[in-house]
Amino acid sequence: MASAPASAPGSAFEYAPAPESRAVVDIAASYGLFIDGEFTEAADGKVFKTVSPSTEEVLSEVAEAGEADVDRAVAAARKAFEKWSALPGSERAKYLFRIARVIQERSRELAVLETLDNGKPIRETRDADLPLVAAHFFYYAGWADKLDHAGYGANPKPLGVAGQVIPWNFPLLMLAWKIAPALATGNTVVLKPAETTPLSALFFADICRQAGLPRGVVNIITGDGRAGAALVAHPDVNKVAFTGSTAVGKQIARTVAGTRKKLTLELGGKGANIVFDDAPIDQAVEGIVSGIFFNQGQVCCAGSRLLVQESIHDELLDSLKRRLSTLRLGDPLDKNTDIGAINSAEQLARITALADRGEAEGAERWSPACELPSSGYWFAPTLFTNVTQAHTVARDEIFGPVLSVLTFRTPDEAVAKANNTPYGLSAGIWTEKGSRILAVANKLRAGVIWSNTFNKFDPTSPFGGYKESGFGREGGRHGLEAYLDV
Amino acid sequence: MSDQNRLSVFKTYKLYVGGKFPRSESGRVYEVTDAKGKWLANAPLSSRKDARDAVVAARKAFGGWSGATAYNRGQILYRIAEMLEGRRDQYVAEVADAEGLSKSKAGLQVDAAIDRWVWYAGWTDKIAQVVGGGNPVAGPFFNLSSPEPTGVVAVLAPQESSFLGLVSVVAPVIATGNTAVVVASEKAPLPALSLSEVLATSDLPGGVVNILSGRTAEIAAPLASHQDVNAIDLAGADETLAKELEIAAADNLKRVLRPQPVDGGGWSTTPGTDRMTAFLETKTVWHPTGALGASGSSY
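Going line by line, the protein sequences match chains Z and V. Residues in the first sequence are numbered consecutively from 5, following the numbering used here. Residues in the second sequence are numbered consecutively from 1319, following the numbering used here.
Below, the structure is given as structure tokens:
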């Protein structure tokens, strides 16, 4: 790597570079679309480049799917559906167990690949993304032959062809969340990974090959939003699943209106992380950090609004600033790196513009002393204090390492402020008082609530939003419903 | 003097909004006739403003109703069945007129509607156990998923089944703690408007159910695009209207229940849980379980 990890000047510790080897992953110069079990070029021969966000190095060139390719992929999925859905659930289960195992076997390779293509730290891909990906396949594998007992009636039927569009923040994990339940229930899929992170989905195609998955059951088409729109609108798609921005989610909801397509949407958020005066401050600080700086804050359920009880504001902010000064930003492949690169130039521009707006609107901006690498897309961890509910940084999803700090005096005020958003995906509560946790959790209008912890995920735990954060749940028994004709 | 010589007292049919019985703010009415075209009443022709007022009432009622115990909601739904049973003859007559049914066939409809309230009354404190529960996450956490009501639900009642159909779509919405703005069957709104007399005397808090009569398309449009409505049941919309409303509903990502095929007996079969789960959110809460040992609590 060109850039050595930047150590925070004045920090207590100096670290020697500890880069994970990228020799474990072999990225081809180009990739085609994975349709009907084979890699093929786009019909019109178009390609686009995918770069490493931390260095801007071109990693590979991938095919850009057009409408004709979407059509071909849907046809392949349709053709495969008859046999796949007729397989005994126990056989489908074994394919999924195989996939889970191959992912475990190749997890280091995939972690390095994901870090290269996405820019997130290897510590996260290695310790969070990949274990969760394998666990998700393992979990849904077990459902495939037990659907009669899932609470959706006897012999629930699959929907058919699922068109799935996923974002760039957790490329392989979002793929797992989409494909595992779809296949377990007997659907076939056409999945479009995000334009800036196509590689892990293409590697997943190879995992399907190794697992012996019948051709056409999983099809991967790479491309930009136009390919996603064509997939969503395709008349032979029975199910649409999307994770991404609320604006695109609304457009998709309009597209499928008046059809019989089943729709689930996992969209944006502006999660409140509420810290009461009796909270264990050190743990709360760790939770705040993982809430907004995990994955550079590019997390739909990020705790991007810190609501802190007025009496402990100064103490908490001091601790938080001290902690942020120890975060290490730099080479995502370095095992000591906490903060990696922003995924794309476009996203960096958006974060930059919103943070500038926060400053222009009068909020107080703070970042730890932090040297940014000279190439790649980087944004220092940033705090805004003196934020009111009217500030843009308190209302808009920034999807970056930017935390807005607001205060409250009473639990009722905390709840009112937490709920004062069109979103409703996540929230956090920090207090030592059990009854207060339950009372506040009860009143928060959000789909996932973490008490005295944050950003925990598990395949058995349903995930999804209230209000404009979307509808439907992924994970757990609940996640089956999205792919069953019930 | 025989009864035939006594001039009967007509009822002025009014809307039901926020627990009160207002006329349409527009001052408009429309003529409602029976199946043979005979005049029955002038029903309020609700305006967009009436729809918005009803949303305000439903929102205001949501906190209390969703926060009530499930047991309490069950008691109130059962009370609705009791009140209906006592006024059975009135509803049989209204349903017979509205749908052109014989008294005996209308009686079956009303009986089934009463029984439907009883069915949903029993669901209020069971649905959470059926669709929620603990999740065995791989870590030291107690993780619990619970259903919660979506919020304010706009309900377009079925056009053909003026009473049983109406009850079949309203009861599941409120059983779980949602509040409702109901658009009655356009050509047969009177049984729905009369239902409000029972709702108002069953301890159901005002605003939990609001009932509007008028042109379905006219009232539904502002409800589908309303930013403070969380969901919409399109049972009473035809294909064209349903598509328009679903598009409008996308603006704030309302949960949309598309028109469903109605069973052959016209809402007569025992419903499943689908009409409840369509308007439920799943909330999942993670609690650290800590670890008790030499090192003490670990969270």
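Beta carbons are placed, not taken as given, at the ideal position from N, Cα and C, and that holds for glycine. Because the structure is a prediction, the values reported are computed rather than measured.
- In the DSSP assignment, Leu-448(Z) is bridged to no other residue.
- One Cα belongs to Asp-416(Z), the other to Phe-403(Z), and the distance between them is close to 27 Å.
- 8 Å or more divides the Cβ of Lys-53(Z) from the Cβ of Gly-70(Z).
- Taking CB atoms only, Asn-1496(V) has no neighbour in chain Z less than 8 Å away.
- Per DSSP, Asn-223(Z) is one residue of the beta strand (DSSP E) stretching across 222-224.
- Contact check between the segment 158-176 of chain Z and the segment 236-243 of chain Z: three or more CB pairs, one atom from each, fall below 8 Å, which counts as touching.
- For Phe-101(Z), the closest Cβ of chain V is not nearer than 8 Å.
- Of all residues in the segment 1576-1609 of chain V, only Glu-1599, Thr-1600, Lys-1601, Thr-1602, Val-1603, Trp-1604, His-1605 and Pro-1606 place a beta-carbon less than 7 Å from a beta-carbon of chain Z.
- Gly-1457(V) has a beta carbon lying within less than 8 Å of a beta carbon in chain Z.
- The DSSP assignment places 368-370, 386-389 and 406-412 as complete runs of the beta strand (DSSP E) inside the segment 351-413 of chain Z, in order along the chain (cut-off: 3 residues).
- Rounded to the nearest whole angstrom, the C-alpha separation of Thr-330(Z) and Ala-33(Z) is 38 Å.
- Secondary structure of Asp-1443(V) (DSSP, three-state): coil.
- Under the criterion of beta carbons closer than 8 Å, Leu-1575(V) and Ala-1596(V) qualify as touching, at roughly 5 Å.
- Neighbours of Pro-426(Z) in chain V, taken as residues whose beta carbon is under 8 Å from its own, are Asn-1570 in chain order.
- Taken atom to atom, the span from the alpha-carbon of Thr-356(Z) to that of Phe-383(Z) is near 8 Å.
- Using a CB distance below 8 Å, the part of the segment 265-278 of chain Z facing chain V consists of Leu-269 and Leu-271, ordered along the chain.
- Annotation: Ile-343(Z) to Val-391(Z) spans about 24 Å, alpha carbon to alpha carbon.
- Fewer than three Cβ pairs drawn from the segment 471-489 of chain Z and the segment 1476-1485 of chain V lie within less than 8 Å of each other, which leaves the two stretches out of contact.
- Contact of Lys-460(Z) with chain V is assigned, a C-beta pair being separated by under 8 Å.
- Counting other Cβ atoms within 10 Å of its Cβ, Trp-1357(V) stays below 16 and is therefore classed as exposed.
- Residue contact with chain V for Pro-466(Z): present (Cβ-Cβ distance below 8 Å to some residue of chain V).
- The Cβ-Cβ distance between Val-1455(V) and Ser-465(Z) falls below 8 Å.
- Taking C-beta separations shorter than 7 Å and ignoring five residues to either side along the sequence, the partners of Thr-259(Z) in its chain run Val-236 and Ala-237, following chain order.
- Interface criterion not met: the Cβ of Asn-242(Z) is under 8 Å from no Cβ in chain V.
- Closest by C-alpha distance to Val-1350(V), out of Ser-1344(V), Ala-1359(V) and Ser-1342(V), is Ala-1359(V).
- A Cβ-Cβ separation of about 12 Å leaves Glu-363(Z) out of contact with Thr-389(Z) under the 8 Å criterion.
- The CB of Lys-1561(V) comes closer than 8 Å to the CB of Ala-261 and Gly-262 in chain Z, given here in chain order.
- Within chain V, the C-beta atoms nearer than 7 Å to that of Tyr-470(Z) come from Glu-1599, in chain order.
- The Cβ of Arg-127(Z) sits no closer than 8 Å to any Cβ of chain V.
- Measuring C-alpha to C-alpha distances from Asn-173(Z) to each of Leu-187(Z), Gly-275(Z), Pro-185(Z) and Glu-199(Z) identifies Glu-199(Z) as the nearest.
- Closer than 8 Å to the CB of Ile-1565(V) there is at least one CB belonging to chain Z.
- Two segments are said to touch when three or more pairs of C-beta atoms, one from each, lie closer than 8 Å; by this definition the segment 1412-1430 of chain V does not touch the segment 1366-1377 of chain V.
- The count of Cβ pairs closer than 8 Å, one atom from the segment 211-220 of chain Z and one from the segment 124-142 of chain Z, stays below three, leaving the stretches out of contact.
- Assignment of Lys-53(Z) by DSSP, reduced to helix, strand and coil, places it in the strand class.
- The C-alpha of Asp-1546(V) is placed about 19 Å away from the C-alpha of Ala-394(Z).
- Cβ-Cβ distances below 8 Å link Gly-1382(V) to Pro-1523 in the same chain, with the five nearest sequence neighbours on each side left out; the list follows chain order.
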